[in-house]
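Below is one structure, written out as structure tokens; the observations come after it.
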Amino acid sequence: MNVIREWRTFKAIFVRNIKLFTAYKAWVIATVIWPIPLLALNILQWGLFGTLGEVSETLEQSGFPPLAGTIIVGTIVYLLYNRLLWGTGVSIQSERWMGTIEVLFVTPTNKMTVLLASGVSSLVEASWWIVCIFGMSWMLFGVQPSITSWPTVFLCLVSTMVALLAVGVFFGGFFVLTRAADQLASGLQAPIRFFSGVAFPVNVLPQTLQFVSFVIPVTYGILTLRDSILSGGDINTIWLNIVALYAMAAIFLVLAHFTIKAVERRAKKNGTLYMF
Amino acid sequence: MPVYAIETKNLTKVFEKKAKIEGKGLKHFFRRVRPKKEELVAVDHINLGIKEGELFGLLGPNGAGKTTTIKLLSTLLIPDEGTATVNGYDVSKQPREVQQSIGVVTGGERGLYWRLTGRENLWFFSQLYNIPDRVAKKRIDELLPLVELEKRADEHVEKYSRGMKQRLHVIRGLVNDPPIILMDEPTLGLDPGSARVIRDFVKNELQGKQNKTILHTTHYMEEADQLCDRIAIIDNGKIIALDTPEKLKKKIRRTDIISMNVSNLQQADEKKLQAIDGVKKAVIAFTDPTVGKASIKIHCDNAEEVMPVATEFLIRNGARIMTLEQTKPTLEDVFISMTGRKLRD
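Chains as they are written, first to last, in the numbering used here: chain A, 1 to 276; chain B, 277 to 621.
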């Protein structure tokens, strides 16, 4: 592998994506607005059962973690996952829509690098969510974080991003073959949101459903971040989940590597690469 | 150094397509769910040898297999049979080396990022070819004036005219300075002025000054005639003729050609025209069927004998003859003589 070549490809894709993202002002504004009602909905729906404070207190008495904080962390991880699913997973499909897939595929680029760069640019585009949602939510819902180790929080965040990036790259490779990438991505949103426990701890799910939860990296991202931010967890308490995140990242990246090759070859054999 | 810059041996590409759905009711429904597949041979055992520095044309009607051939040579498709080498590299086994050796220029509005500037588009593609930043910027500055885009280089591509986009396409294909350029209908849909600029650039700059090997597909016979050193005529995926434009035309020089433009023609009486004594081929192409406007080409042994009979036949059937002339053979006539159809049918 020629590192300089891969770096040039990475840089080109990253710069292009950021330029295209900022070229659509409406898209930037929509991205800013979009997470706010989602987060509010997740939290305020509990108001049906009483004031948020009362509901949270009642839940905490039965072993439920702090309500608003649980949902805020879950929503942030879910939004990052969602951004990567659309930004990376559907990136090849976007090339089809823009009519550039052919000119991209006749260049001697490594498609894995193309997808990784798309993933990193998606994370950069979405990174403000982490800061803004945390800040805004804490102000709106008065949640007090219980952080004992900032490096642990940082490690959790980075590990979660790496795992989510790997998932995005895997989907990106897989979606080369299909013309229905956007439909598949849409179809994956709700199940992932449910099984990863965005708005509740996954241990409240029936045992059989929890099995599904624990093969999804998003679940581990949410667990580690909740632990480090809300329960004062440090490296000793979260290391297992961090290992799980990197193991999943490795699995998904290896799968992506082979999937991209196989799928690109099949698309070129069938002549479906450039079809809408 | 390979003998040919581009060489294909029995190159074949077969696609699966859904068969026409017949039947009614449940049968029709289930056939829609699981339609039968048919095979479509898009490129059928073609053999080409394109020399270094040659401007080679692939001429044929829509759906003849020109674009599929370009896609096979540019590694966008994998052949089902046969082999192809580009710059000495096998398209199936050494795709990276092939990609490094070629520039691909497509026609139409696609293939550029409209919300990036022309310069940003060129820089983006230069990086995908692993060109150092400084070298890329210098090369972009050299390429832009060649197609007179230097003054508009920092505007978004969406603001470009169709002709400007096409010129940007052409230099995008040159950004890696490839020895071989594959051009797929680069003048498609352009106004005559813009098409001429592209043609001049291809002939004078790319072939004349830079000595690039160019494979140029088109269904414009005049373009192929003017530009290309040699031409392969392709139809239904098969190469049906291959030679220099002059030699191709010479092959039918003994044939007289009558060209007519008529109106009020009620129906395409090709068979009746063809039945006239001395007529070898007769082809009618409607340009405006609502008023029966059509162009007619008649290939015959002796125009002086056939012309009065054919005109009388047409007038008797209500057609009005607008123009009538005996013409020299064109590449389209070569195509007609071989297939019985016009290039733009």
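For every residue, glycine included, the Cβ atom is placed at its ideal position computed from N, Cα and C.
Only a predicted model underlies this, so the values are computations on that prediction, with no experimental measurement involved.
Tell me where the beta strand (DSSP E) around T494(B) begins and ends. Taking the first residue of the second sequence as position 1, residue 494(B) is located at position 218. That run of the beta strand (DSSP E) goes 489 to 494.
What in chain A is Cβ-close to Q375(B), meaning under 7 Å? One-based indexing of the second sequence puts residue 375(B) at position 99. Within chain A, the residues V106, T107, P108 have their CB atoms less than 7 Å from the CB of Q375(B), given in chain order.
Taking C-alpha atoms, which residue in K312(B), H321(B), L324(B), G301(B) lies nearest to K293(B)? Counting from 1 along the second sequence, the entry for residue 293(B) is found at position 17. K293(B) has its Cα closest to that of K312(B), out of K312(B), H321(B), L324(B), G301(B).
Against chain B, does A259(A) count as a neighbour if the rule is that its beta carbon must be under 8 Å from one of theirs? To locate residue 259(A), count along the first sequence from 1; it is residue 259. Here residue 259(A) turns out to be Thr, not Ala, going by the sequence shown. Residue contact check for T259(A) against chain B: no CB pair falls below 8 Å.
Reference K557(B); option with closest CA among E608(B), V538(B), T566(B): Position 281 of the second sequence, counted from the start, is the residue given in the question as residue 557(B). Of E608(B), V538(B), T566(B), the residue nearest in Cα terms is E608(B).
Between which residues of its own chain and L253(A) is the CB-CB distance below 7 Å, once the five residues before and five after are set aside? To locate residue 253(A), count along the first sequence from 1; it is residue 253. Cβ within range, chain order: A166, V169.
Applying the 10 Å Cβ sphere with the 16-neighbour rule, what's the burial state of A250(A)? Here residue 250(A) is taken as the residue at index 250 of the first sequence, counted from 1. By the neighbour-count rule (16 or more Cβ atoms within 10 Å), A250(A) is not buried but exposed.
Please compile the residues from chain A whose C-beta is within a distance smaller than 8 Å of the C-beta of Q403(B). Mapped onto the second sequence, residue 403(B) falls at position 127. The contacting residues are R8, T9, K11, A12.
Inter-residue spacing [alpha-carbon to alpha-carbon] between N512(B) and L245(A): In the second sequence, the residue the question calls residue 512(B) occupies position 236. In the first sequence, the residue the question calls residue 245(A) occupies position 245. Those two C-alpha atoms are separated by around 54 Å.
Am I right that T361(B) and E283(B) are in contact with their C-beta atoms under 8 Å? What's the rounded C-beta distance? Locating residue 361(B) in the second sequence gives position 85, counting from the first residue. Locating residue 283(B) in the second sequence gives position 7, counting from the first residue. Confirmed, Cβ separation roughly 5 Å.
Using the Cα positions of G594(B) and Q542(B), report the straight-line distance between them to the nearest angstrom. Here residue 594(B) refers to the residue found at position 318 when the second sequence is read from its first residue. Here residue 542(B) refers to the residue found at position 266 when the second sequence is read from its first residue. One C-alpha to the other measures close to 7 Å.
Does the Cβ-Cβ distance between A68(A) and S146(A) come in under 8 Å? Here residue 68(A) refers to the residue found at position 68 of the first sequence. Here residue 146(A) refers to the residue found at position 146 of the first sequence. Contact flag unset, no.
Once DSSP output is grouped into helix, strand and coil, what is the label at G325(B)? Taking the second sequence and counting its residues from 1, one reaches residue 325(B) at position 49. Three-state DSSP puts G325(B) in a strand.
Beta-carbon spacing of A340(B), I510(B) below 8 Å: Taking the first residue of the second sequence as 1, we reach residue 340(B) at position 64. Taking the first residue of the second sequence as 1, we reach residue 510(B) at position 234. Closer than 8 Å, so yes.
Inspect the beta-carbon positions of L404(B) and L458(B) and report whether they are closer than 8 Å. What you label residue 404(B) is simply residue 128 of the second sequence in a count that begins at 1. What you label residue 458(B) is simply residue 182 of the second sequence in a count that begins at 1. No, these two residues do not count as a Cβ contact at 8 Å.
CB contact check: V124(A) to chain B, cutoff 8 Å: Walking along the first sequence from the start, residue 124(A) turns up at place 124. Not one chain B Cβ lies under 8 Å of V124(A).
Roughly how many whole angstroms lie between the Cα atoms of V162(A) and T224(A)? For the purposes of this step, residue 162(A) is taken as the residue at position 162 of the first sequence. For the purposes of this step, residue 224(A) is taken as the residue at position 224 of the first sequence. Approximately 13 Å between the Cα atoms of the pair.
Give the residues of chain A in contact with R391(B), contact being defined as C-beta atoms less than 8 Å apart. Along the second sequence, read from residue 1 onward, the residue named residue 391(B) stands at position 115. The answer, in chain order, is K19, L20, A23, Y24.
Just grab the DSSP bridge partners of M459(B) for me. Position 183 of the second sequence, counted from the first residue, corresponds to residue 459(B). Paired residue(s): V381(B), H492(B).
Considering only the beta carbon of each residue, do Q502(B) and R475(B) sit closer than 8 Å? The residue labelled residue 502(B) in the question sits at position 226 within the second sequence. The residue labelled residue 475(B) in the question sits at position 199 within the second sequence. Contact: yes.
Return the CA-CA distance between L123(A) and L20(A), expressed in angstroms with no decimal places. Counting from 1 along the first sequence, the entry for residue 123(A) is found at position 123. Counting from 1 along the first sequence, the entry for residue 20(A) is found at position 20. Taking the straight line from one Cα to the other gives about 15 Å.
By Cβ distance below 6 Å, which residues in the same chain neighbour P462(B) in space, the five residues on each side in sequence not counted? Taking the first residue of the second sequence as position 1, residue 462(B) is located at position 186. The answer, listed in chain order, is V381, G383, I474.
Out of curiosity, what's the CA-to-CA distance linking H297(B) and L79(A)? Translated into positions along the second sequence, residue 297(B) becomes position 21. Translated into positions along the first sequence, residue 79(A) becomes position 79. According to the sequence provided, residue 297(B) is Ile. The question's His does not apply to it. The alpha-carbon atoms of I297(B) and L79(A) are separated by roughly 44 Å.
Applying the criterion that 16 or more other CB atoms from any shown protein chain within 10 Å of the CB defines a buried residue, is D430(B) buried or exposed? By 1-based counting over the second sequence, the position of residue 430(B) is 154. Exposed, since its Cβ has fewer than 16 Cβ neighbours within 10 Å.
So what's P602(B) in DSSP terms, helix, strand or just coil? As a position in the second sequence, residue 602(B) is number 326, starting the count at 1. Reading the sequence as shown, one finds Gln at residue 602(B) and not Pro. Strand, per DSSP.
8 Å Cβ cut-off: residues of chain A touching V380(B): Mapped onto the second sequence, residue 380(B) falls at position 104. Within chain A, the residues placing a beta-carbon under 8 Å from that of V380(B) are E102, V103, V106, ordered along the chain.
With respect to the beta strand (DSSP E) encompassing K527(B), which residues constitute its N-terminal and C-terminal limits? Within the second sequence, residue 527(B) is the residue found at index 251, counting from 1. From DSSP, K527(B) is part of no beta strand (DSSP E); its letter is neither H nor E.
Strictly under 8 Å for the Cβ-Cβ distance: is I552(B) near chain A by that measure? Here the question's residue 552(B) lines up with position 276 in the second sequence. No, because no Cβ of chain A sits closer than 8 Å to the Cβ of I552(B).
Just how far apart, CA to CA, sit T31(A) and L287(B)? Position 31 of the first sequence, counting from 1, holds the residue named residue 31(A). Position 11 of the second sequence, counting from 1, holds the residue named residue 287(B). Whole-angstrom Cα-Cα distance: 49 Å.
So R5(A) contacts chain B; which residues on that side make the cut at Cβ distance below 8 Å? Start at 1 with the first residue of the first sequence, and residue 5(A) comes out as number 5. Against R5(A), the close residues of chain B are N406, in the order they occur along the chain (beta-carbon pairs closer than 8 Å).
Quick check on DSSP: helix, strand or coil for V319(B)? Here residue 319(B) corresponds to residue number 43 of the second sequence, with the count starting at 1. Looking at V319(B) - three-state DSSP - the assignment turns out to be strand.
Quick check on C504(B): does DSSP put it in helix, strand or coil? As a working note, residue 504(B) is residue 228 in the second sequence. Note: C504(B) maps to coil in three-state DSSP.
For Q183(A), is the classification buried or exposed, using 16 other Cβ atoms within 10 angstroms of its Cβ as the cut-off for buried? Position 183 of the first sequence holds residue 183(A). So Q183(A) counts as exposed.
What is the DSSP secondary structure of E95(A), counted as helix, strand or coil? Walking along the first sequence from the start, residue 95(A) turns up at place 95. Helix at E95(A).
DSSP state of S149(A) mapped onto helix, strand, coil: Counting from 1 along the first sequence, the entry for residue 149(A) is found at position 149. Here S149(A) sits in coil by DSSP.
Whose Cβ in chain A lies nearer than 7 Å to the Cβ of S350(B)? As a position in the second sequence, residue 350(B) is number 74, starting the count at 1. Result: V106.
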